[in-house]
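Going by our numbering, the first sequence opens with residue 163, and the numbers climb by one from there. For glycine and all other residues, C-beta sits at the position ideal for the given N, C-alpha and C.
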Amino acid sequence: MVNAVVWMRNVLRVHDNPLLHWASNSDEVDSVIPIFVLGSSRGMGAESRESDNRIRFLYDSITDLDKKLRDEYGSRLVVLQGEPGRVIPLLAREIASEGDWLVCDYLQDPVSRREVASVRESVAEFGVETRAFPSVTTVLDIESVVGDEAYREPKSSSDIDAILRRSLGEGPDGCLVPEPLGRPADLKPDTSAFDSLSESDSLSGLLVSKDEIAEGASVLGVGEPYFPGGESEALERLKRKVSEMPDFVRRFSKPSTMSTNDPDNPMEPSTTGLSPYLSTGCLSVRTVWHECLQANLSSDHTKPPQSLIGQLMFREMFYLLSRSVENWDDDVGNSNCRPIEWGEYDEDLVSAWESGMTGFPYIDAMMRQLEATGWMHHLGRHAVSCFLTRGQLWQNWKHGRDVFERKLVDSDWALNNGNWLWLAGVAPFSMPYYRVYNPCPDSKSSLNVEAKEAEFVRHWVPELASFPSRYIFEPHLAPIEVQESAGCVVGRDYPHPIVDRKESRRVNLELFKESLSRIA
DNA sequence: GGATCCGTTGTAGCT
DNA sequence: AAGCTACAACGGATC
């Protein structure tokens, strides 16, 4: 009787799941025990400061997965609470024997790599061999690409395109992404193993029941979350936003507006909204990739880097860089971060930014949306991160990175750090630092502001609900009679701008230039 | 080996 | 109103 303990870290799904697929198909494996560890790097570890939105998303995803395993496979998800290096050996002692397997998904970030190394060592004492499957979170096998002698760090869309083609082969329309795996046929449930786990003394207090998870989720906010967690939601959304929208996929280009034109759903984002599901592994990136290819088959379509597949390519690029660049998440000792002399940490500035009280309605609306929903539009992320760093507040990008990491439901170590490096203008792959976003967009801005954006501000900054569109992005410029009749006097009901946007932009450009000249 | 070009996604002012 | 231009001006790749 050979057991395979399937430790799902960032793969909270049944579709295209190489771990379950292998355990299901392997003749060597007699029984499969799927587990999740709350307290791991992917499940609210000890240092976790994650927001309620993120925890709720995770709980919902676990619940959905457990339900699928029960209803469709007669199996279940064993949820353990604690450090993986401690609780997995306890579980192994209870049920494992010589020749058993621990399988998990490979993750590239340092904490997850350390975590699996320590678990591998400790379960080896029980004769259990650990196998980490590559290409679960990403299309590429990160470790093998980065370990290749020919590997050079990608810095542009053509670099990552070349790496993908070399690594996966040439396809008719770019690289050849492997087909997603089908659902496993049989997950070889072993009821007696599940029973012995729940009766075990050494695991008592470490096992988390589905009722406890459900209860935990129910106290985190009332009503429907903006993005409900789970594979079922993920596949439903993929169908709704990609598979059934081939024209949207074919025409996808850099987003220029935040919302769709759907009058019934003014808050529905103009992008796919699939990122929360990708970041937790509720959705397989290969599955998304192939759905996009499918949509592109029927006629002409946009191409990388601007297409949806282009977005996925940059995702692969940041995963590679996050593995090969030392100190990827730091501003010192990071070869991809030029040393810019940011201002002293200013708690007033950073907390005004974080809480949406900067006096810049567009910025504030987005920061409040982030707080409330755990999500912010792509364009909003550009605007607020530029604002905090090289644009207006001249604060170190790491302060903003921390806020995003904690609050975003789609937060992802590789991508979050990569995007902040890019937007702060410090990375070799970033946009030129002197391209500063206007935090008060007008009709000529690249943000292509329309009436919808004014509605967006009114929704998230209710103080300005009655403000006329003409002044809504810079309410302090409205004549006092206008402010009074809109019921919002700047300085009384809504803050004055915390900085002069033009002056701060001018000064910051000079400071950035100065820092650069010091390096050279 | 210096000049030139390019880089996923700018802004503001003028006509 | 859309389109042009000036602004500001980096670093790496390429020829």
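For this session: Could you tell me how far apart the beta carbons of P116 and M475 are, in whole angstroms, since I believe they sit closer than 8 Å?
Result: Only positions 163 to 682 of the chain appear in the structure, and residue 116 is not among them; the question remains open.
Problem set entry | Where the beta strand (DSSP E) containing F288 begins and where it ends | Position 126 of the first sequence, counted from the start, is the residue given in the question as residue 288. It is not in any beta strand (DSSP E) - F288 carries neither H nor E in the DSSP assignment.
Exercise. Where Q531 and W622 are concerned, what is the direct C-alpha to C-alpha distance, given to the nearest angstrom?
Worked result: What you label residue 531 is simply residue 369 of the first sequence in a count that begins at 1. What you label residue 622 is simply residue 460 of the first sequence in a count that begins at 1. Linking Q531 to W622 through their CA atoms gives a straight-line distance of about 6 Å.
For this session: Kindly indicate which residue of P657, A648 and G391 has the alpha-carbon position closest to the one of I525.
Result: Locating residue 525 in the first sequence gives position 363, where the first residue counts as 1. Closest by alpha carbon: P657.
Problem set entry | Inter-residue spacing [alpha-carbon to alpha-carbon] between P637 and D662 | Looking up residue 637 in the first sequence gives position 475. Looking up residue 662 in the first sequence gives position 500. Each residue's Cα considered, the two are about 13 Å apart.
Exercise. Taking Cβ positions, are T433 and H544 nearer each other than 8 Å?
Worked result: Here residue 433 is taken as the residue at index 271 of the first sequence, counted from 1. Here residue 544 is taken as the residue at index 382 of the first sequence, counted from 1. For the 8 Å CB-CB criterion, T433 and H544 do not form a contact.
Exercise. According to DSSP, what are the bridge partners of E194?
Worked result: By one-based count along the first sequence, residue 194 stands at place 32. It is worth fixing the name first, because residue 194 is Val in this sequence and not Glu. The partner list for V194 (beta bridge, DSSP) reads A166.
Exercise. Where DSSP assigns a beta bridge to G333, which residues make up the other side?
Worked result: The count along the first sequence starts at 1 and reaches residue 333 at position 171. Answer is G336.
Exercise. Using CA coordinates, which residue listed in L382, S360, S415 and W556 is at the minimum distance from S683?
Worked result: Since the first and last residues shown for the chain are 163 and 682, residue 683 lies out of range.
Exercise. Taking Cβ positions, are G207 and G244 nearer each other than 8 Å?
Worked result: For this step, residue 207 is matched to residue 45 along the first sequence. For this step, residue 244 is matched to residue 82 along the first sequence. Contact flag unset, no.
Problem set entry | Terminal residues of the beta strand (DSSP E) in which L242 lies | Here residue 242 is taken as the residue at index 80 of the first sequence, counted from 1. First-last of the beta strand (DSSP E) with L242: V240 to Q243.
Exercise. So what does DSSP say about Y439, is it helix, strand or coil?
Worked result: Taking the first sequence and counting its residues from 1, the one referred to as residue 439 is at position 277. Note: Y439 maps to helix in three-state DSSP.
For this session: Apply the 10 Å Cβ neighbour rule to Y507 and answer buried if 16 or more other Cβ atoms are within range, or exposed otherwise.
Result: For this step, residue 507 is matched to residue 345 along the first sequence. Exposed is the call here.
Exercise. Measuring CB to CB, does N165 end up less than 8 Å from I197?
Worked result: The residue given as residue 165 occupies position 3 in the first sequence. The residue given as residue 197 occupies position 35 in the first sequence. No.
For this session: Kindly indicate the opening and closing residues of the beta strand (DSSP E) around C444.
Result: As a working note, residue 444 is residue 282 in the first sequence. Looking at the DSSP string, C444 is not in any beta strand (DSSP E), and its letter there is neither H nor E.
Exercise. From D323 to W504, what distance separates their C-alpha atoms?
Worked result: As a position in the first sequence, residue 323 is number 161, starting the count at 1. As a position in the first sequence, residue 504 is number 342, starting the count at 1. Cα-Cα distance, rounded: 34 Å.
Exercise. Are there 16 or more other CB atoms within 10 angstroms of the CB of R485, so buried, or fewer, so exposed?
Worked result: Translated into the one-based positions of the first sequence, residue 485 becomes position 323. That one is buried.
Problem set entry | Between the CA atoms of K569 and N179 - distance to the nearest angstrom | Translated into the one-based positions of the first sequence, residue 179 becomes position 17. Translated into the one-based positions of the first sequence, residue 569 becomes position 407. Whole-angstrom Cα-Cα distance: 27 Å.
For this session: Could you pull the start and end residues of the beta strand (DSSP E) that C266 belongs to?
Result: In the first sequence, residue 266 corresponds to position 104, counting from 1. Here the beta strand (DSSP E) through C266 covers W263 to D267.
Exercise. Given that a residue counts as buried once 16 or more other Cβ atoms are within 10 Å of its Cβ, and exposed if not, what is S517?
Worked result: Residue 517 sits at position 355 when you count from the first residue of the first sequence. Classification of S517: exposed, given that the 10 Å Cβ count is below 16.
Exercise. Where DSSP assigns a beta bridge to F295, which residues make up the other side?
Worked result: The count along the first sequence starts at 1 and reaches residue 295 at position 133. F295 pairs with D267.
Problem set entry | Distance, H177 Cα to A396 Cα | Counting from one through the first sequence, the residue named residue 396 turns up at place 234. Counting from one through the first sequence, the residue named residue 177 turns up at place 15. So the two alpha carbons sit approximately 11 Å from each other.
For this session: Name the two residues that bound the continuous alpha helix (DSSP H) containing G472.
Result: Within the first sequence, residue 472 is the residue found at index 310, counting from 1. Counted as a single uninterrupted DSSP element, the alpha helix (DSSP H) harbouring G472 occupies residues L470 to S486.
For this session: Would you tell me roughly how many angstroms separate the C-alpha atoms of A258 and D222, rounded to the nearest one?
Result: The sequence position of residue 258 within the first sequence is 96, counting from 1. The sequence position of residue 222 within the first sequence is 60, counting from 1. Distance from the CA of A258 to the CA of D222, rounded to the nearest whole angstrom, comes to 29 Å.
For this session: Check each candidate in V339, W582 and M170 and name the one with the smallest Cα separation from A294.
Result: Along the first sequence, one-based indexing puts residue 294 at 132. Looking at the Cα atoms, M170 is the closest of the given residues.
Exercise. Alpha helix (DSSP H) containing A534: first to last residue?
Worked result: Taking the first residue of the first sequence as 1, we reach residue 534 at position 372. Looking at the DSSP string, the run of the alpha helix (DSSP H) that includes A534 is P523 to T535.
For this session: Whole angstroms is fine: what's the gap from F635's alpha carbon to F618's?
Result: Residue 635 sits at position 473 when you count from the first residue of the first sequence. Residue 618 sits at position 456 when you count from the first residue of the first sequence. For F635 and F618, the distance between alpha carbons rounds to 11 Å.
Exercise. Measuring CB to CB, does C602 end up less than 8 Å from L626?
Worked result: Reading the first sequence from its first residue, position 440 is the one you call residue 602. Reading the first sequence from its first residue, position 464 is the one you call residue 626. No; because the gap between Cβ atoms is not below 8 Å, this pair is not in contact.
Exercise. Are there 16 or more other CB atoms within 10 angstroms of the CB of M528, so buried, or fewer, so exposed?
Worked result: Position 366 of the first sequence, counting from 1, holds the residue named residue 528. Buried: at least 16 other Cβ atoms inside 10 Å.
For this session: Could you check which residue in S297, V285, V249 and G289 has the C-alpha nearest to that of Y268?
Result: The residue labelled residue 268 in the question sits at position 106 within the first sequence. Ranking the options by Cα distance to Y268, first place goes to S297.
Exercise. DSSP on L369, reduced to helix/strand/coil?
Worked result: As a position in the first sequence, residue 369 is number 207, starting the count at 1. Strand at L369.
Exercise. Relative to the C-alpha of L326, which residue among C337, H463 and P316 is closest?
Worked result: As a working note, residue 326 is residue 164 in the first sequence. Cα-wise, what sits closest to L326 is C337.
Problem set entry | Contacts around A376, its chain only, beta-carbon distance under 7 Å, and the 5 residues preceding and following it disregarded | One-based indexing of the first sequence puts residue 376 at position 214. Cβ within range, chain order: T225.
For this session: Have a look at T292 and E234 and give me their C-alpha separation to the nearest angstrom.
Result: For the purposes of this step, residue 292 is identified with residue 130 of the first sequence, where counting begins at 1. For the purposes of this step, residue 234 is identified with residue 72 of the first sequence, where counting begins at 1. The alpha-carbon atoms of T292 and E234 are separated by roughly 27 Å.
Problem set entry | Helix, strand or coil at L511 [DSSP, three-state] | The residue labelled residue 511 in the question sits at position 349 within the first sequence. Correct three-state label for L511: helix.
Exercise. Any idea what DSSP makes of V173, helix, strand or coil?
Worked result: The residue labelled residue 173 in the question sits at position 11 within the first sequence. Of the three classes helix, strand and coil, the one that applies to V173 here is coil, per DSSP.
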